[in-house]
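Enquirer: The number in the numbering used here is simply the position in the sequence shown, starting from 1, with 17 added. To start, I am sharing the structure in question, which I have written as structure tokens.
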Amino acid sequence: MVEGAARLLAQRGLQETSFSEVLELTGAPRGSIYHHFPNGKDQLIAAAVDAAGAHAVALIGLAASSSATDITTHFLAMWREVLVRSNYTAGCSVLAVTVATDSADLLSHAASVFRAWRERLAQLLSDGGLNPRSAARFAALLIASTEGAVVLSRAEQSMEPFELVAEQLAAQAAVLDAG
């Protein structure tokens with residue numbers, strides 16, 4: 018159910034991710050959702066954000082012991098695959114919650130996921146040779162730019178915006194590696 022909710026968030030956004038939609042997608046019995054999420058939709062959404070966040074951190078970690086260029090290439094490939102595989106119908110479930118929630122708790126959950134991504138990327142970049150300050154700054158730039166590129170590509174139903182941003186990020190990573 019949690020994975021299904023994360024998928025719906027990425028494809029349809031927060032407002033269209035309901036218990037009914039999750040049940041339809043996953044085939045889970047109705048009673049199970051109320052058993053596992055007695056505090057309602059926000060509890061399910063928080064679990065989905067946490068799961069999506071943990072999944073991304075694990076994927077990001079596959080770029081360990083790499084240069085800034087390699088880490089950037091790896092991170093961009095993760096998001097490129099989301100766009101291509103979904104034919105531009107999926108984006109970031111964490112972003113979907115961030116822009117649509119009225120709940121301070123869900124916003125805090127999303128912020129903690131983004132923070133975990135930034136910290137993991139910054140650590141990898143630092144391990145790859147960047148000074149900690151440059152690593153932290155580039156991690157934030159990489160996430161923010163990629164999230165925006167995903168949104169633009171979804172809206173335009175084209176990889177062009179994503180690839181333009183990816184090219185600039187790769188160039189910046191190369192400069193960081195060289196310097």
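Think of the CB as a built atom: it goes at the ideal place given N, C-alpha and C, for glycine as much as any other residue.
1. CB-CB under 6 Å to HIS126, same chain, minus the five flanking residues each way: which ones, in chain order?
2. How many angstroms separate the CA atom of SER35 from the CA atom of ALA166?
3. Using only the alpha-carbon positions, how far apart do LEU186 and LEU159 sit?
4. Using three-state DSSP, classify THR90 as helix, strand or coil.
5. Give every residue of the same chain whose Cβ lies closer than 8 Å to the Cβ of MET95, excluding the five residues on either side of it in the sequence, and list them in chain order.
6. In or out: GLY196 buried (at least 16 other Cβ within 10 Å) or exposed?
7. Where LEU13 and LEU61 are concerned, what is the direct C-alpha to C-alpha distance, given to the nearest angstrom?
8. Between GLU41 and VAL192, what straight-line distance do the alpha-carbon atoms span, to the nearest angstrom?
9. If you draw a straight line from the C-alpha of MET18 to the C-alpha of GLU164, how long is it?
10. Using three-state DSSP, classify SER84 as helix, strand or coil.
11. Grab me the residues of SER170's own chain with a C-beta within less than 7 Å of its C-beta, minus the 5 sequence neighbours each way, in chain order.
12. Look up GLU136 in the DSSP assignment and say whether it is helix, strand or coil.
13. Could you check which residue in LYS58, THR86, LEU138, GLY48 has the C-alpha nearest to that of SER120?
14. Just to confirm the assignment, what range does the alpha helix (DSSP H) spanning SER170 have?
15. So for TYR105, helix, strand or coil by DSSP?
16. How many whole angstroms separate the CB atoms of CYS109 and ALA27, which I take to be in contact at a CB cut-off of 8 Å?
Expert: Looking at the coordinates:
1. ALA63, VAL66
2. Whole-angstrom Cα-Cα distance: 27 Å.
3. So the alpha carbons of these two residues sit roughly 7 Å apart.
4. helix
5. ALA73, LEU76, ILE77
6. exposed
7. With the chain running from 18 to 196 in the structure shown, residue 13 is simply not present.
8. 48 Å
9. In a straight line, the C-alpha of MET18 is about 25 Å away from that of GLU164.
10. coil
11. LEU100, TYR105, MET176, PRO178, PHE179
12. DSSP places GLU136 in helix when its eight states are reduced to three.
13. LYS58
14. 149-173
15. coil
16. About 6 Å separates the beta carbons of CYS109 and ALA27, which is inside the 8 Å limit, making them a contact pair.
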